[in-house]
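Report on the structure given below.
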Amino acid sequence: AQKITQTQPGMFVQEKEAVTLDCTYDTSDPSYGLFWYKQPSSGEMIFLIYQGSYDQQNATEGRYSLNFQKARKSANLVISASQLGDSAMYFCAMRGLNTGGFKTIFGAGTRLFVKA
Amino acid sequence: DGGITQSPKYLFRKEGQNVTLSCEQNLNHDAMYWYRQDPGQGLRLIYYSQIVNDFQKGDIAEGYSVSREKKESFPLTVTSAQKNPTAFYLCASRGAQNTEAFFGQGTRLTVV
Numbered sequence: 053a054q055k056i057t058q059t060q061p062g063m064f065v066q067e068k069e070a071v072t073l074d075c076t077y078d079t080s081d082p083s084y085g086l087f088w089y090k091q092p093s094s095g096e097m098i099f100l101i102y103q104g105s106y107d108q109q110n111a112t113e114g115r116y117s118l119n120f121q122k123a124r125k126s127a128n129l130v131i132s133a134s135q136l137g138d139s140a141m142y143f144c145a146m147r148g149l150n151t152g153g154f155k156t157i158f159g160a161g162t163r164l165f166v167k168a
Numbered sequence: 012d013g014g015i016t017q018s019p020k021y022l023f024r025k026e027g028q029n030v031t032l033s034c035e036q037n038l039n040h041d042a043m044y045w046y047r048q049d050p051g052q053g054l055r056l057i058y059y060s061q062i063v064n065d066f067q068k069g070d071i072a073e074g075y076s077v078s079r080e081k082k083e084s085f086p087l088t089v090t091s092a093q094k095n096p097t098a099f100y101l102c103a104s105r106g107a108q109n110t111e112a113f114f115g116q117g118t119r120l121t122v123v
């Protein structure tokens, strides 16, 4: 069975500081993809970053980077130079790529508060 | 512009009524999904469709039904059998397996 765990219900960070949002996962698929999404108060889901299980390097997208530790089954999101607009819910998600790659599961989310 | 559109944004349902939530995409994606989100919670998968005329139950399909008669459209019906339908519903579509899903703006359903 697949499972995503986000253990931080809420996080605070000072503006311009970096913050790490934790995500651990469990899957029996040998090949899988890991995703992070941002959900502001408007409700839309905004894709941030993707990491494939066989990718050699950690993914980066602008201020977002993914600290992927395959042996520990963790895929933490690092946001550098936090901005007030980063305040939102953040979801970690996973999709097994060998089993048809159709079912994506989500963690419970972490609410990030950026302080001025 | 390419994207995925959900309507309506807000929907009110009386007890015992069926309601249908619309989801349309013009991204030429084969896979489409419906998720339910309760306040402060993550997303739970209701149904997904890999291709036209085919769909599979997700983790919480009871009380819901879907159809996939066209590639572009994946409507969700919340039936009277769904005992607690008040929630935020998100539709998504996806291209290749290793790519992200694109989400609609969501429909907030309230039972009155």
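Heads up: the protein sequence lines correspond to chains A and B, in order. Each step along the first sequence adds one to the number in this note's numbering, with nothing skipped, and position 32 is 84. Each step along the second sequence adds one to the number in this note's numbering, with nothing skipped, and position 56 is 67. Beta carbons: idealized from backbone N, C-alpha and C, even for Gly. Keep in mind that this is a model prediction, so the values were computed, not measured.
Please check if any C-beta of chain A sits within less than 9 Å of the C-beta of B:G51. Residue mapping note: residue 51 of chain B aligns to position 40 of the second sequence, counting from 1. Taking 9 Å as the threshold, the shortest C-beta distance from B:G51 to chain A falls below it.
So, for A:D74: in the same chain, excluding its five sequence neighbours on each side, which residues have a beta-carbon less than 8 Å away from its beta-carbon? Residue mapping note: residue 74 of chain A aligns to position 22 of the first sequence, counting from 1. Cβ neighbours of A:D74 beyond the five flanking positions: Q58, T59, Q60, S126, N128 and T162.
Helix, strand or coil for A:D138 per DSSP? If you number the first sequence from 1, residue 138 of chain A lands on position 86. It is helical.
Residues sharing a beta bridge with A:T72, DSSP: In the first sequence, the residue the question calls residue 72 of chain A occupies position 20. The partner list for A:T72 (beta bridge, DSSP) reads A:V130.
Going straight from the alpha carbon of B:N109 to that of A:G159, what length do you get? In the second sequence, residue 109 of chain B corresponds to position 98, counting from 1. In the first sequence, residue 159 of chain A corresponds to position 107, counting from 1. In this structure, the straight-line span from the alpha carbon of B:N109 to that of A:G159 is close to 18 Å.
For A:K90, does the three-state DSSP call read helix, strand or coil? Indexing the first sequence from 1 puts residue 90 of chain A at position 38. In the structure shown, A:K90 sits in a strand (DSSP, three-state: E or B).
Who does B:S18 pair with in a DSSP beta bridge? Here residue 18 of chain B refers to the residue found at position 7 of the second sequence. Note: B:S18 sits in a beta bridge opposite B:S33.
Quick check on DSSP: helix, strand or coil for A:G85? Reading the first sequence from its first residue, position 33 is the one you call residue 85 of chain A. Looking at A:G85 - three-state DSSP - the assignment turns out to be strand.
Going by beta carbon distance, what residues of the same chain come within less than 8 Å of B:Y59, once the five residues before and after it are set aside? Position 48 of the second sequence, counted from the first residue, corresponds to residue 59 of chain B. Excluding residues within five positions, the ones whose Cβ falls inside 8 Å are A42, M43, Y44, W45, F66, Q67 and G69.
What three-state label does DSSP hand A:S105 in the structure shown? As a position in the first sequence, residue 105 of chain A is number 53, starting the count at 1. In the structure shown, A:S105 sits in coil (DSSP, three-state: anything other than H, G, I, E or B).
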